[in-house]
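The structure appears right after this line, and notes come after that.
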Amino acid sequence: YVGVRGFGRPGDYNSRLLLLVNGVVTNDPVFGSAYTGTEFAFNLASVERIEIVRGPASAVYGAGAMFGVVNLILRNGVNFDGTRATVETGNAGLARGAATWGTNWGNGWSVMVSGQAERTRGEDFYFKEFDSPGTNGGMARGLDGDKSASLLGQLNYKGWSMLAGVSSRTKDVPTAPFGVVFNDPRTQTVDAMQFLSLGVETALSSTSTLNVRVYQTGIDYHGQYPYDLMNYDASSGRVLGAEVLLHWDFPIGARLTTGAEFRGITRARYSSWSDAAVYSYRDVPSSVYSAFAEGELQVIEPVRIVGGLRFDQYSEYGGSLSPRIALVCTPSGTTTLKVIYGEAYRVPNFYEAHFDDPLGGFKSNPLLLPERMQTLEAVCDQRITSALSASVSLYRYSMSNLIDETLDPADSLNYFRNLGAVRVTGVESGLLAVTRGGVRARLSYCYNSSEDLATGTTLTNSPAHIFRLMVGGPVTPWLSGSGFIMHESPRLTLTGPWTPGYWTVDVTATVAPFPAPVRFEIIVRNLFDTPYFLPGGAELQQTSLQQTGRLWSAGVSVDF
Numbered sequence: 085y086v087g088v089r090g091f092g093r094p095g096d097y098n099s100r101l102l103l104l105v106n107g108v109v110t111n112d113p114v115f116g117s118a119y120t121g122t123e124f125a126f127n128l129a130s131v132e133r134i135e136i137v138r139g140p141a142s143a144v145y146g147a148g149a150m151f152g153v154v155n156l157i158l159r160n161g162v163n164f165d166g167t168r169a170t171v172e173t174g175n176a177g178l179a180r181g182a183a184t185w186g187t188n189w190g191n192g193w194s195v196m197v198s199g200q201a202e203r204t205r206g207e208d209f210y211f212k213e214f215d216s217p218g219t220n221g222g223m224a225r226g227l228d229g230d231k232s233a234s235l236l237g238q239l240n241y242k243g244w245s246m247l248a249g250v251s252s253r254t255k256d257v258p259t260a261p262f263g264v265v266f267n268d269p270r271t272q273t274v275d276a277m278q279f280l281s282l283g284v285e286t287a288l289s290s291t292s293t294l295n296v297r298v299y300q301t302g303i304d305y306h307g308q309y310p311y312d313l314m315n316y317d318a319s320s321g322r323v324l325g326a327e328v329l330l331h332w333d334f335p336i337g338a339r340l341t342t343g344a345e346f347r348g349i350t351r352a353r354y355s356s357w358s359d360a361a362v363y364s365y366r367d368v369p370s371s372v373y374s375a376f377a378e379g380e381l382q383v384i385e386p387v388r389i390v391g392g393l394r395f396d397q398y399s400e401y402g403g404s405l406s407p408r409i410a411l412v413c414t415p416s417g418t419t420t421l422k423v424i425y426g427e428a429y430r431v432p433n434f435y436e437a438h439f440d441d442p443l444g445g446f447k448s449n450p451l452l453l454p455e456r457m458q459t460l461e462a463v464c465d466q467r468i469t470s471a472l473s474a475s476v477s478l479y480r481y482s483m484s485n486l487i488d489e490t491l492d493p494a495d496s497l498n499y500f501r502n503l504g505a506v507r508v509t510g511v512e513s514g515l516l517a518v519t520r521g522g523v524r525a526r527l528s529y530c531y532n533s534s535e536d537l538a539t540g541t542t543l544t545n546s547p548a549h550i551f552r553l554m555v556g557g558p559v560t561p562w563l564s565g566s567g568f569i570m571h572e573s574p575r576l577t578l579t580g581p582w583t584p585g586y587w588t589v590d591v592t593a594t595v596a597p598f599p600a601p602v603r604f605e606i607i608v609r610n611l612f613d614t615p616y617f618l619p620g621g622a623e624l625q626q627t628s629l630q631q632t633g634r635l636w637s638a639g640v641s642v643d644f
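Here it is as structure tokens:
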């Protein structure tokens, strides 16, 4: 589960975060999931940069981005001209192989292809909640294995681009979710992703550009859960979309982006069954039409206004407007001040509104209302010296009609309701230093004060304090290294107890001792083997789960 600025509901499948690849939304149309674990199995060597926008995103990025947008911008054959092959091993039986190849053919043609395969074997885990003779004394043995593979390709010709990717991950589950038989190696899930997009960018004039893109994405899931009978469930989602963007630059210091988008969920299917019967089957296609505009205007020399408005028309939930406006002031070449207001809107996904499995203890609620969010933020970015910069951000956001899972006492079935409202106030601050020798140091601190307005309590899974320090750079001409220190304060679990706060340390060393482009890398995560716990979801008997201890990996990369 990904948390952003004090909000990270256990079990929400990251449905309030948009995950994009070159601007294409890859979220699962059934559960709303943003894949952020090994189920997103693509080789990160193919990624040029990762853009993160916290809070309600700009009008251009899309609906549903309650807490932010993560956009992976991929390399192409122009900025990755050659081949990189990597092999890696480590504890937990880690074995990984990856390769990326790119070339610039000239005359506007370039291509990039990247693939990866990885596996880890299962290990032994102890869960005190299952410590009894009938459940193997709480020991889950040889579980949590993980196998994944992916293939990604990008072809460019002048203003044209084509992107395609497929990935699959098979995961053994040691935690006995949903009351399945404990310590049974048959508890397993399979996740698969595929996407394809075709786009063109063309200059209409010296001051205007047109972007057109069509895309298709798909997510498939299959799970098997042993009870007295073996139970299975599966979901399949397909999205067809098209987007048109028009950019204008005006001589008066203004910029305007307008556009329209269509997203058709042609398949949103979920089914569950056992070896004896079919329990549930439902397919609910839907669609959304969107129009948006975002503009930037230089009011006077140090002051700019950036504003956007997005309208989304949903086939199930009607229309909604989402505004965003920012006032940006640069009183000097070293100081930037911003005040930002934004709103976001998220309709219930298939899982929240239509999931219906009475034998599994769940029922649907088609009367769910969309969630809404308002946020206000003030930012100061300050360059102190040529090598040192600082930033401070104060923010406050509130959500209404929050969708949460609850139990109906009338029939003892779980379902989703618009239960609550939340408010979070926080501050993010950071320092970045870069020396002439290439050493980089980043220090950050975040404080969140979160409140469930219905109960007056702190939100679950919401640490009040987060501290991070990263230092990295060259040590010798052939050795570089980095260290990462993180602290998180306690988190409230779903059942009431708090998990303890913790500190962890990660280190990395990269060695390039030969003239040839060969690099050796050693990574140690949780260097001091610190035991720490994080809250579990409602599907688990465990109040909290102990996280992975010390992990090490060693690999070699060769560039051709």
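Residue numbers for the sequence shown follow my numbering, so the first one is 85 and each next one is one higher. Every residue gets a Cβ at the ideal spot worked out from N, C-alpha and C, and that includes glycine. No experiment lies behind these values; they were computed from the predicted model shown.
Boundaries of the beta strand (DSSP E) in which residue i is found, first to last residue
i, result
"residue 568", "563-572"
"residue 529", "524-536"
"residue 634", "Residue 634 -> no beta strand (DSSP E), and no H or E assigned at all."
"residue 98", "It is not in any beta strand (DSSP E) - residue 98 carries neither H nor E in the DSSP assignment."
"residue 327", "314-334"
"residue 552", "549-560"
"residue 371", "370-384"
"residue 222", "Taken as a continuous stretch (DSSP letters only), residue 222 belongs to no beta strand (DSSP E), as it is neither H nor E."
"residue 338", "338-358"
"residue 448", "Per DSSP, residue 448 belongs to no beta strand (DSSP E) and is neither H nor E."
"residue 390", "387-398"
"residue 414", "402-416"
"residue 580", "Note, residue 580: premise wrong, no beta strand (DSSP E); not H, not E."
"residue 645", "The question about residue 645 has no answer, for the chain in this structure spans 85 to 644."
"residue 88", "Neither: residue 88 is in no beta strand (DSSP E) and is coded neither H nor E."
"residue 367", "362-367"
Residue i burial status per 10 Å Cβ neighbour count (16 or more: buried)
i, result
"residue 336", "exposed"
"residue 115", "buried"
"residue 120", "exposed"
"residue 301", "buried"
"residue 152", "buried"
"residue 315", "buried"
"residue 384", "exposed"
"residue 374", "buried"
Enclosing alpha helix (DSSP H) for residue i [first to last residue]
i, result
"residue 437", "434-438"
Straight-line gap, residue i to residue j (C-alpha atoms, nearest Å)
i, j, result
"residue 521", "residue 469", "16 Å"
"residue 164", "residue 348", "34 Å"
"residue 445", "residue 298", "40 Å"
"residue 334", "residue 108", "28 Å"
"residue 150", "residue 542", "19 Å"
"residue 498", "residue 490", "6 Å"
"residue 598", "residue 562", "8 Å"
"residue 331", "residue 243", "15 Å"
"residue 219", "residue 266", "6 Å"
"residue 170", "residue 607", "14 Å"
"residue 535", "residue 506", "6 Å"
"residue 139", "residue 404", "18 Å"
"residue 504", "residue 620", "20 Å"
"residue 282", "residue 245", "6 Å"
"residue 217", "residue 230", "28 Å"
"residue 174", "residue 488", "39 Å"
"residue 438", "residue 633", "39 Å"
"residue 123", "residue 382", "44 Å"
"residue 200", "residue 182", "4 Å"
Strand pairing of residue i, partner residues [DSSP]
i, result
"residue 619", "628"
"residue 502", "487"
"residue 467", "473"
"residue 104", "109 and 155"
"residue 541", "536"
"residue 638", "173 and 606"
"residue 590", "568"
"residue 234", "200 and 251"
"residue 508", "481 and 534"
"residue 310", "314"
### Message
To test your reading of the DSSP string, which unbroken beta strand (DSSP E) runs of 3 or more residues are found completely within the stretch 126-161?
### Response
131-138 and 152-158
### Message
Give the list of continuous beta strand (DSSP E) stretches no shorter than 3 residues that lie fully inside the stretch 156-219.
### Response
The stretch 156-219 is shown to contain whole beta strand (DSSP E) runs of 3 or more residues at 166-174, 178-190, 193-204 and 207-210, in chain order.
### Query
Considering only residues of the stretch 238-305, which uninterrupted beta strand (DSSP E) runs meet the minimum length of 3 residues and lie entirely inside it, listed in chain order?
244-256 and 272-289
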